[in-house]
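Worksheet: the structure to be examined is printed underneath.
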Amino acid sequence: MSFFADKQTLNDLNIPGRHKNNSISRLFDEVITEGGRKLMEEMFQRPLTDADAINKRSSIFKYFTGNNIKFPFSQAEFGVMENYLASGSNSNRLAIGMGVISKKVMQVAAQGTAYQQLHDDVCQTVALLNRFSAFATTLPDVESPYKDDIKAINTIFEDKDLIWLKQENDFANLSLLNVVKYDHLLRTRLHGQMKYLLQLMCQLDVYLAVATVAARMGFCYAKALPKHHNTLSVTRLFHPTVRNAVGNALSMDKGNNVIFLTGANMAGKSTLMKAFGISCYLAHMGFPVAADEMTFSVKDGLFSSINVSDNLDMGYSHFYAEVLRVKTVAEQVAADKDLIVIFDELFKGTNVKDAYDATLSITEAFSTNRNCFFIISTHIVEVGEALRERCPNFRFTYLPTVMEGTVPRYTYRLAEGITADRHGMMIIENEGILDIIRGKTSETKQ
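Structure (structure tokens):
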């Protein structure tokens with residue numbers, strides 16, 4: 116079973132879509148091979164829920180992050196080899212030989228290009244296989260988390276049917292006999308081994324691409340713990356696609372499984388919550404996370420309610436869409452799943468009185484499930500005061516606003532407690548909205 120996040124959550128966190136600006140998928144899209152790109156997409160689609168599997172994958176990423184190893188092929192080179200080796204057949208050596216000879220005859224008699232293309236593909240593939248074999252010998256396998264793959268690569272190249280590979284030096288001008296021989300070996304007799312070798316190469320491509328991003332961005336690798344530990348801690352957590360993002364520390368466990376977040380608009384609440392959700396998702400993939408350090412117990416899934424909109428086709432108002440979203444999460448929590456839940460501004464589509472009552476009752480009810488972790492934000496600070504008296508398992512935090520005269524400045528650094536900031540009218544006045552409505556201009560005021 117893989118870690119689950121629904122479409123709403125993935126879109127809230129901007130995770131899918133390697134062609135989308137600032138998406139998390141695009142951030143890691145530095146693979147060279149098409150097979151590597153497909154493998155990375157599969158990893159994004161199916162995060163893990165086994166702590167050992169997560170730690171094994173992240174240890175390989177970490178190994179390559181610290182060794183500055185570059186993939187030994189260009190995209191064009193690998194494409195030639197990949198297409199050639201993938202076009203294997205079940206024909207016997209005689210049939211393959213006759214086919215190659217026929218191509219050679221057509222080249223001589225009618226200036227056909229098929230033989231030359233095959234010759235060039237075989238030559239380049241032989242040269243690239245030799246290059247990769249030499250590359251593999253440079254990878255240290257002592258106490259390396261990648262040692263099993265290194266062993267598998269070396270086992271393929273040590274096959275008795277590939278002894279000729281290291282002995283072939285004339286990569287640019289193979290004889291007809293050798294073209295027949297090598298083509299039969301690579302695409303028929305050793306087709307299974309070559310297919311597996313391509314998989315190992317594509318997997319290596321992913322490891323190196325992710326490691327490169329981690330090193331450049333200053334990301335860390337999270338340590339996964341089994342589910343029963345029921346804990347999460349992260350230091351200097353920041354949003355991976357926000358330039359010069361400020362880091363914050365968060366921690367949760369069974370005794371403090373709810374973070375209740377307040378703060379003014381533009382104080383950074385949504386960005387912090389998205390950063391937290393992204394880090395949890397990437398951590399379950401074994402990928403590097405935007406933080407200095409992170410330890411977490413595996414969960415079953417992640418749900419968020421950040422950018423819920425109305426649905427005119429279904430006749431849903433914004434408030435009803437919010438209610439349905441909360442209902443979906445409630446059903447998952449009630450199904451005894453261990454989840455990470457992010458609610459940004461619950462019930463902002465209704466009046467203040469209903470929003471207060473609903474936020475108070477829903478938040479308190481959710482919090483009784485101590486195997487789930489919740490981050491819940493609101494502008495209605497009075498809810499926090501009521502919950503502080505009733506719920507000992509809450510951690511109350513806020514993002515401060517510092518007033519410099521009449522101009523707000525946001526620190527983006529978490530503080531303990533519940534905010535008392537109420538600067539909405541001041542911001543409206545600073546923008547001169549009331550003056551515009553009243554028909555005044557800055558000149559008439561002077």
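Position 167 (the sequence shown) corresponds to 282 in the working numbering; numbering is contiguous. Each residue gets a CB set at the ideal place from its N, CA and C atoms; glycine is no exception. Source: prediction; values computed, not measured.
In the three-state scheme derived from DSSP, where H, G and I count as helix and E and B as strand, Thr346 is classed as strand. For Gly378, the enclosing beta strand (DSSP E) starts and ends at 373-378. Nearest to Asn288 by alpha-carbon distance, out of Met155, Thr240, Lys414, Leu154, is Thr240. Between Glu408 and Val498, the gap from beta carbon to beta carbon reaches 8 Å or more. In terms of Cβ geometry, Lys384 and Gly392 do not form a close pair [threshold 8 Å]. As the crow flies, the alpha-carbon of Ile533 is around 48 Å from that of Ile147. When C-alpha distances from Arg246 are compared across Leu300, Val257, His234, Ile268, the shortest belongs to Ile268. Of Leu300, Ser412, Thr474, Ile175, the smallest CA-CA separation from His344 is found for Ser412. Linking Phe176 to His433 through their CA atoms gives a straight-line distance of about 42 Å. Short of 8 Å from the beta carbon of Val517, and not among the five residues preceding or following it, lie these beta carbons of its own chain, in chain order: Pro523, Arg524, Tyr525, Thr526. In this structure, the CA atom of Ala229 is about 25 Å from the CA atom of Phe188. DSSP, read as helix, strand or coil, puts Lys369 in coil. Closest by C-alpha distance to Asn486, out of Asp472, Met116, Ser492, Gly416, is Gly416.
For Val357, the closest of Phe118, Asn137, Ala120, Gly333 by C-alpha to C-alpha distance is Asn137. Taking 8 Å as the upper bound for CB-CB distance, Thr474 and Phe489 are not in contact here, some 12 Å apart.
DSSP places Ser419 within a strand segment (E or B) once states are collapsed to three. Judged by DSSP in its simplified three-state form, Cys335 adopts strand. Sequence-distant Cβ neighbours of Ser248 in its own chain, meaning closer than 6 Å and more than five residues away, are Phe272. For Met116, the secondary structure class from DSSP, reduced to helix, strand or coil, is coil. Collapsing the DSSP output to three states places Arg133 in coil. In this structure Met388 touches Ile457 by the C-beta definition: roughly 5 Å separates them, less than 8 Å. Check the Cα spacing between Gly151 and each of Leu233, Gly194, Asp320: the tightest is with Asp320. Under the Cβ criterion (8 Å, minimum of three pairs), the stretch 165-176 counts as touching the stretch 396-403.
Relative to the Cα of Ala242, the nearest Cα in the group Gln282, Phe286, Gly203, Leu340 belongs to Phe286. Within the DSSP secondary-structure output, Tyr525 pairs in a beta bridge with Thr516. DSSP places Phe272 in the uninterrupted alpha helix (DSSP H) bounded by 262-272. Where Val456 is concerned, there is no enclosing alpha helix (DSSP H), although the beta strand (DSSP E) around it starts and stops at 454-459. If you look at Phe353, you'll find it isn't in any alpha helix (DSSP H); DSSP assigns it neither H nor E. Look at Arg440 here: in three-state DSSP terms it is helix.
If you draw a 10 Å sphere on the C-beta of Val448, you find 16 or more other C-beta atoms in it, and that means buried. Per DSSP, Thr228 lies in no alpha helix (DSSP H) and is assigned neither H nor E. In the three-state reduction of the DSSP assignment, Leu340 falls in the strand class. Its Cα nearest to that of Ala480, the residue Asn508 stands out among Asp469, Asn508, Arg133, Gly464. Three or more beta-carbon pairs separated by less than 8 Å are not found between the stretch 328-337 and the stretch 311-318, which leaves the two stretches without contact.
Val361 is positioned such that its CB atom lies closer than 8 Å to that of Arg528. At a Cβ-Cβ threshold of 8 Å, Lys414 and Ile374 do not count as neighbours.
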